[in-house]
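Mapping the sequence shown onto the numbering used here, position 113 (from 1) lands on 215, and the numbers just tick up by one.
Written below as structure tokens is the structure these notes are about.
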Amino acid sequence: MRKVLEEKEKVLLVDPRNRCYLVTLKKDGRFHSTSGFISHNQIISQEEGIILKSSLGIPFLAVRPTLADYILKMPRGAQVVYPKDIGIILLWADIYPGATVLEAGMGSGALTMALLRAVGDKGKVISYELRPDFAQRALTNIRDYVGAIDNLIVRSKDVYEGIDEEPLDRMILDLPEPWQVVESAAQTLRPGGIFVAYTPTIIQSQRVVEALRAQGSFVLIEVLETLLRPWNIEGPSVRPAHRMVAHTAFISLARKKVIPS
């Protein structure tokens, strides 16, 4: 059973129009919006799911943010991997408890957080990130949501120049030229391991697939794209929402096979 909402926790405040605001609770702090203000003291020590009224009498729901909520609201140093794509990556790449996963390109830490949750305490995530500002922003975001991190290793290293760790269970690349890493992936992924490349254009995916086929160690090669469309259901009216999360990136996947000696 989860405890009550506490000071320094992050809380999602949701207004009657489903607009969401991410707030870090502080004693005597205030949340301000066009709907009035809410004192943080009204929230601290309350149960998650409480309905509060602002100074103007507008009701707000207070809940802990899901990981998807946090990813969409957290500070960004680089573009994030969107929740709809993270879900596909976690399942199609079969990120399991205890796995050793190499990630290249931390960005703002969105995918890293999901990987850490999926591999659990007995697993390990190794992140290659060349830009110190991206790595610092990602680590700050991760610590703000996850807390202490014992199973994340961050390398300030160019993955194009080689990979130090092996054997790896999974490899996920969010890079401009992931095809340059295919040879290293073949050398460091264990047999049955899964390779993933996250790229914004289909031309990049095409080059990844060509490199995977030419290398010869990979099978079950596929490319996916996810489109997320909400629906509005109000009484007899059922229609798709006017806005949808359409193209964000292409996800290329492959599995490593055993090469006979």
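Just so you know, even glycine gets a beta-carbon here, dropped at the ideal spot from N, CA and C.
Being a predicted model, the structure only gives us computed values, none of them experimental.
Asked                                                                                                : Found
Buried or exposed (CB count within 10 angstroms, at least 16 for buried), residue 343                : exposed
Beta bridge counterpart(s) of residue 232 as assigned by DSSP                                        : Answer by DSSP bridge pairing: none, since residue 232 is not bridged.
Residues near residue 123 in its chain [Cβ-Cβ closer than 6 Å; skip 5 each side]                     : 115
Stretch pair the stretch 208 to 225 + the stretch 310 to 324: three plus CB contacts closer than 8 Å : no
Contact between the stretch 187 to 197 and the stretch 324 to 339 (3+ Cβ pairs under 8 Å)            : yes
Residue 354 to residue 307 span [Cα, whole Å]                                                        : 6 Å
Residue burial classification, residue 225 (beta-carbon count within 10 angstroms, cutoff 16)        : buried
Beta-carbon proximity list for residue 321, same chain, < 6 Å, skipping 5 on both sides              : 357, 359
Element boundaries [alpha helix (DSSP H), containing residue 190]                                    : 185 to 194
Residues sharing a beta bridge with residue 135, DSSP                                                : 138
Host beta strand (DSSP E) of residue 276 (start-end)                                                 : Counting along the chain, residue 276 falls outside any beta strand (DSSP E), and DSSP gives it neither H nor E.
Distance between beta carbons of residue 137 and residue 158, contact taken as under 8 Å             : 6 Å
Sub-9 Å separation of residue 265 and residue 289 beta-carbons                                       : yes
Nearest candidate by alpha-carbon position, reference residue 113, set 248, 153, 148, 165            : 165
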